[in-house]
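Here the sequence shown is numbered in my numbering, starting from 527 and rising by one per residue. Cβ coordinates follow ideal geometry from the N, Cα and C atoms, glycine included. Before any comments, here is the structure.
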Amino acid sequence: MTVASIEIRVLGPVEVVDGDRTAPLGGPRPRTLIGALALRAPAVVSRDALAEAVWDTHLPPGAAKTLRAHVAYLRRALSAGGFGELVTTRAPGYALTVPIERIDVHRFQELLDRARATPAAGTTAETLRVALGLWRGDVLAGCQAGDWVRAEATRLEELRLGATEDLLAAELAVGRHAAATPELESLVARFPLRERLWELLMLALYRAGRQGDALAAYRRARARLVTEIGVEPGAGLQRLEAAILAGRELPAASESVPVGGEPVGCGVPAPLTTLIGRDAEIAELSALLAQRRLITLTGVGGCGKTRLAVAVAERVAGRFPGGVQFVDLAPLADPGLVAAELAPADALRGRNCLLVLDNCEHVVAACGGLVGALLRACPDLRVLATSRETLGVPGELAWPVPPLSTPPVTGTPGLAALSRYDAVRLFLDRAAVSAVRALGDGDAPDIAALCARLDGLPLAIELAAARTAVLTVAEITDRLHDPALLRTSCQPDRPQHQAMHSTIAWSYDLLDAPTQDRFRRLAVFAGGFTLAAAEAVWGDPAAVDQLADLVGKSLVVVEHTAAGARYRLLETIGRWAARKLSGVPAAERAARDAHAGYYLALAEEADRQLRRPETGGWLARLAAEHENLRAALAWFAGGGGDPGAQLRLAVALAQYCQLRGRYGEGRRWLETALARESAGPRSLVGCALWATAGFALLTCDYHDAQRLGERALGLLRQCGDRIGEARTLRLLASVARERGEYRRALAELDRAMNLVEPGDIPATAAVQHQIGFTHWLAGDLDAAERSLTEALRWSESLGDPVGLASGSTHLAAVALHRGQLGRADRLARDGLARSTELDLKEHIAWAWNVIGLIALRRNQSCAAVGALRTSLELHWAIGDRWRQAGVLDHLAEAVLAGGGASCAAELAGLATAIRDVLAVPVPAQEQPGRSRTQARLRRCLPDPERRAAANRGATRTVPEVITALQAPAGLRPITA
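Right, here's the structure in full:
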């Protein structure tokens, strides 16, 4: 079985299947996780979005922590069922590893798109039958009931019904009138308000020679529409009735009943371009207009409010016998002119009609008052407005227009897969023909990056696409900082739509001076911010109303997460605000000083809280603020803030970077700060040297780790910092341990323990952990178990989740080498669950290593290869070459057990090459296993062949190995 053979089904009960085997998913929450990931594949789904899908609006305390536990449970269930690693962790959340074509909902959408692009009715019908055959019952059945599931089910059921209507229209087009009639009768009984079904039924009856029954169907349709929602039949039904009464020849069904609703005159402007995407939005708004009298489409300029409103008006026009009136308020400079502009709407009194008001934001107060009066005077009137803020009318429904879907900027698939995202489809549709013809898969990453940086805003994407006549996609992306780039002269009557600059300026100019100042200052944030951060930058401890005002005006986006509300400027708006802020140097410096100072205080508080029960929350908070922390470091590095602030921040972030596997970045931050502030306080410089030495150790740079550690030790001793001195001795012990100098390592750890003050439980636990691990590597299992058990006891008393995670896995390794496989498996999986919950990359990698060895000892070579490959991939990602060598040896043993002698020899050869570069020996505990592997290789392969394979392996890279082992035939030579 491979990932490529697995299918994920959500068009019915949620299932993961492989042939006739079904994965044991368990209850509603794991199924909801699978459903949410499948519907948004191949994109990464953020942890916050998954939490909202699972718990709806009732997020439990510590939802992020609980979510990670659910994901870990799901992974265990899939693995136990033999379905492998289907859920992968990718910032800022999770994604599926299953190819998109193996997910039924995506196959359904692809078939639907293909059918609608096919002119031949017969071919269309066959494709639609295949698409509808993917449905097995109620969509997302078995998932946790909630708004998300209901919304997705409604959206997909609407697509299913539309596809069913298309299929029946295609059947009628090829003359299958009698065969289609029974199904149409059943459908109009179930969905009596869908006028297109009635139209199809009337056509089927009439073309089958049943004129009287066709007219009776019209009367039945009218009775249901008038009785249930108080509207007359639409123009399409009325035209059909008139044609049947006159006995006229009717065109083919596929022509007379177009997909997407009746074309409309009625004052709605005819679009000059096709609408890309928005099917779900149009369906939802069309349904809402039957329930609500005033809907205001809100959103930032350029998000497509007008185009969506026009599309909705076209879709629902048949419901409004009184017609549709479209009024564009953009040209009005004086709010006093709104009454005159809306005067013709007074003629709508007493008529069942729709009024579309476009661009209300600059006259919102006047518009709101008049709309309220019109709605009170005209009981059958519906109003659909577009504005960057709401009109403030009682009963108004504010409907934020979302951006178009954009692909992830990492792990970008080929151009064909990328075209499933609406932002990409729009870009390709609007780009110069010559440019599109020249595009290939190599351009996919640039297109993904461009669409993401343009925030999925249709106007920005269209303006960028227009530049493809003279620039490549990469050149357009590189020039986004230029305000002249996203500009056109094609809309002289709409200056606010001629350029993104003008679009944002249109909103900015409507703000008063204090609000403009607050908006500009928000440009200092990178990657979003909290209310507390905004208050710090604004110098206002009670800024919630001011922030809510900017959200209401669509200049700030709010996202509700498990950790609370989070705000951000879209990147397009942020670039514009930054240019405005740079024009006020004093204000910019004050804002950046406040921003950097806030994040320095946050990082130092987090550093004090890590390795306590709240570790997970603090790690998640720092991860959410990662871009802001980078920006603060850059500001300090450029001379902003107090002297020493850059070094303080780099030191404060060292533990976070170490726990989250950001070794290279953490070291760069420290080295940059040390180079600038080497003459700072000795205690601070000593801590910085110790932290830098730690990152050098973690990336196997033993020379620098030793050198920097000794310098740190000298400075900390001069300061009388016993805690720092003990911590540095632990570091030097780790260097000795990885070099195979176990006696020296234990001696350094004894010295460290002697420096620990009585009652300092955290320091005691840390030293005991390292003593136990050193004994394990040296092969002394009894001493290892004693120290690790004591360390785990201390960690439990502290509630230290990091110590509990590493301690469990270390004890699992001891149990493994004692032959206690059941105990080893329980401890290793406990360590994996704890590490995964905190996203501790190094600990996760080590846990998978132990789990792989347990599987190997149980003669489960395929499971062992899968777990060890995961461990190798994680160790490679964080840069731990010492552990990579060990995992490669274990993989060689596992692959050899599966019959892949040549591949095993290559893996062992690469492990040897890595150790030669690092100048480290095979750890004592792992020498017997390596010796057994080498002995078996000598028996399986002639010496020349074995040496040749080992030499080939020595020239390989770890990523090549990872890729080779992902293949179904992963036991073949890597070169195959």
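Start and end of the beta strand (DSSP E) containing residue i?
i        : result
Thr-912  : 907 to 912
Asp-546  : That residue, Asp-546, is in no beta strand (DSSP E); it is neither H nor E in DSSP.
Tyr-1268 : Segment 1268 to 1281 is the alpha helix (DSSP H) holding Tyr-1268; no beta strand (DSSP E) there.
Asp-884  : 879 to 884
Val-853  : 850 to 854
Ile-1377 : First-last for Ile-1377: 1367 to 1383, but that is the alpha helix (DSSP H), not the beta strand (DSSP E).
Leu-660  : Here Leu-660 belongs to no beta strand (DSSP E), and DSSP marks it neither H nor E.
For residue i, which of the options has the nearest alpha-carbon?
i        : options                               : result
Leu-1314 : Arg-750, Gly-1298, Pro-556            : Gly-1298
Pro-1485 : Asn-1477, Ser-1397, Leu-687, Ser-1457 : Ser-1397
Gly-844  : Leu-880, Ala-695, Arg-818, Ala-975    : Leu-880
Asp-1326 : Thr-1290, Asn-1477, His-1343          : Thr-1290
Arg-902  : Val-890, Glu-915, Glu-922, Ala-891    : Glu-922
Pro-984  : His-632, Leu-1012, Leu-1175           : Leu-1012
Ala-1120 : Thr-680, Ala-1158, Glu-1153, Glu-1085 : Ala-1158
Arg-1352 : Arg-676, Lys-1367, Ala-1381           : Ala-1381
Leu-1417 : Arg-833, Ala-1103, Gln-1492           : Gln-1492
Asp-948  : Asp-1230, Pro-933, Ser-1332           : Pro-933
Gly-672  : Leu-576, Leu-612, Ala-1292            : Leu-576
Lys-1079 : Ser-1033, Gly-1123, Ile-808, Ala-590  : Ser-1033
Gly-659  : Thr-649, Ile-987, Ser-712, Thr-690    : Thr-690
Leu-559  : Ser-1209, Tyr-599, Arg-750, Leu-693   : Tyr-599
Ser-1028 : Asn-1375, Val-1050, Leu-563, Ala-986  : Ala-986
Val-850  : Arg-877, Val-864, Ala-859, Lys-831    : Arg-877
Glu-898  : Pro-928, Ala-865, Val-927             : The residue you asked about is not Glu; residue 898 is Gly in the sequence shown. For the residues Pro-928, Ala-865, Val-927, the minimum Cα distance to Gly-898 belongs to Ala-865.
Expressed to the nearest angstrom, what Euclidean distance is found between the alpha-carbon atoms of residue i and residue j?
i        : j        : result
Lys-1106 : Trp-1064 : 16 angstroms
Gln-1184 : Thr-1218 : 11 angstroms
Glu-788  : Arg-841  : Since pLDDT at Glu-788 reaches only 35, below the 50 mark, its modelled position is unreliable, and the value read off the structure follows with that caveat. About 7 angstroms.
Ala-1390 : Glu-652  : 45 angstroms
Glu-1399 : Ala-1373 : 13 angstroms
Pro-554  : Cys-669  : 4 angstroms
Cys-1213 : Ala-1310 : 29 angstroms
Met-1166 : Ala-1116 : What sits at residue 1166 in the sequence shown is Gly, not Met. Each residue's alpha carbon lies about 10 angstroms from the other.
Leu-883  : Leu-900  : 13 angstroms
Val-783  : Arg-733  : Residue confidence for Val-783 is low, a pLDDT of 38 falling below 50, so the modelled location carries little weight and cannot support an answer.
Gly-848  : Glu-754  : 18 angstroms
Ala-806  : Ala-695  : 21 angstroms
Ala-603  : Leu-551  : 6 angstroms
Leu-1258 : Gln-1232 : 6 angstroms
Glu-683  : Phe-634  : 12 angstroms
Leu-1275 : Arg-1319 : 19 angstroms
His-1023 : Val-959  : A caution first: His-1023 carries a pLDDT of 48, below 50, which makes its placement in the model too unreliable to give a value.
Val-999  : Tyr-620  : 28 angstroms
Val-996  : Pro-939  : 26 angstroms
Gly-545  : Pro-625  : 16 angstroms
Output yes or no for whether 7 angstroms exceeds the beta carbon distance between residue i and residue j.
i        : j        : result
Leu-513  : Ala-1427 : Here the chain has residues from 527 to 1502 only, and residue 513 is not among them.
Glu-1130 : Ala-1058 : no
Ala-747  : Trp-724  : yes
Arg-1193 : Phe-1221 : yes
Gly-538  : Ala-677  : no
Asp-664  : Arg-535  : no
Ala-1278 : Ala-1271 : no
Gly-1054 : Arg-1092 : yes
Leu-952  : Ile-808  : no
Tyr-1189 : Leu-1148 : no
Leu-823  : Leu-868  : no
Ala-1273 : His-1295 : no
Leu-944  : Val-935  : no
Thr-1420 : Ser-1457 : The amino acid occupying residue 1420 in the given sequence is Ala; Thr does not appear at that position. No; because the gap between Cβ atoms is not below 7 angstroms, this pair is not in contact.
What are the boundary residues of the alpha helix (DSSP H) that residue i is part of?
i        : result
Pro-861  : Pro-861 -> no alpha helix (DSSP H), and no H or E assigned at all.
Trp-1511 : What the structure shows of the chain is the stretch from 527 to 1502, and residue 1511 is not part of that stretch, so it cannot be assessed.
Quiz item: Do the stretch 809 to 827 and the stretch 767 to 774 meet, that is, are 3 or more Cβ pairs less than 8 angstroms apart?
Solution: no
Item to check | Three CB pairs or more closer than 8 angstroms across the stretch 1082 to 1100 and the stretch 971 to 983 | outcome: yes
Check: Are at least three pairs of beta-carbons, each pair with one atom in the stretch 1027 to 1046 and one in the stretch 820 to 839, less than 8 angstroms apart?
Finding: yes
Q. Does the stretch 1037 to 1045 touch the stretch 1135 to 1154, meaning 3 or more C-beta pairs lie closer than 8 angstroms?
A. no
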